[in-house]
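Residue 108 in this note's numbering is what sits at position 108 of the sequence shown, and the numbering runs on without skipping anything.
From the three backbone atoms N, C-alpha and C, an ideal C-beta is built for every residue, glycine too.
Just so you know, these numbers come straight off a predicted model, no measurement behind them.
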Amino acid sequence: MCDLISGGKDKQDFPMNQGVLTHGRVRLLLNDVQQYEGPQMKKVRSPGPKHPRFSVLLLQVSCKHECQRIALKKQCTKKNKEKAEGCARLLAKRMKKVKKNKQREFSEKKKHKKQIAKR
Numbered sequence: 001m002c003d004l005i006s007g008g009k010d011k012q013d014f015p016m017n018q019g020v021l022t023h024g025r026v027r028l029l030l031n032d033v034q035q036y037e038g039p040q041m042k043k044v045r046s047p048g049p050k051h052p053r054f055s056v057l058l059l060q061v062s063c064k065h066e067c068q069r070i071a072l073k074k075q076c077t078k079k080n081k082e083k084a085e086g087c088a089r090l091l092a093k094r095m096k097k098v099k100k101n102k103q104r105e106f107s108e109k110k111k112h113k114k115q116i117a118k119r
């Protein structure tokens with residue numbers, strides 16, 4: 001047996017059926033009911049407490065911590081930049097030394113080849 005959606009009663013008190021129970025038909029029935037509902041009573045609330053909310057107190061603390069965290073981050077980035085500059089200078093010096101050594105070795109090899117060629 002399939003379930004039928006009852007649609008109330010007609011003028012002569014016979015039951016009316018909307019048809020087979022499906023999602024679409026149930027949705028249609030429920031949508032129609034919402035227009036006829038009366039206004040609901042609003043609940044009257046008591047006024048809130050006079051003291052500041054706990055979340056506000058936490059907000060102040062978290063803002064303070066955030067400022068400290070940002071300051072620490074700026075300080076770290078500044079320190080890292082200075083470190084990077086120092087490393088770059090040191091690397092440039094070492095590269096200069098390596099370049100000089102290579103040139104010297106190359107010139108020595110050249111001189112050595114010339115001496116061998118003269119013999």
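Rounded separation between residue i and residue j - CA only
i    : j    : result
K109 : K102 : 11 Å
S107 : Q68  : 59 Å
R27  : K42  : 27 Å
K78  : K97  : 29 Å
S46  : K9   : 45 Å
K111 : M95  : 24 Å
V44  : L72  : 49 Å
R89  : K74  : 23 Å
K81  : H65  : 24 Å
Q152 : R104 : Residue 152 cannot be examined here, being either before or after the span of the chain that is shown, 1 to 119.
I70  : T22  : 59 Å
A92  : C63  : 43 Å
K83  : K100 : 26 Å
K113 : C76  : 55 Å
Check: residue i C-beta below 7 Å from any heavy atom of the ligand ADP
i   : result
C63 : Ligands in the displayed structure: none, and consequently the ligand ADP is not present.
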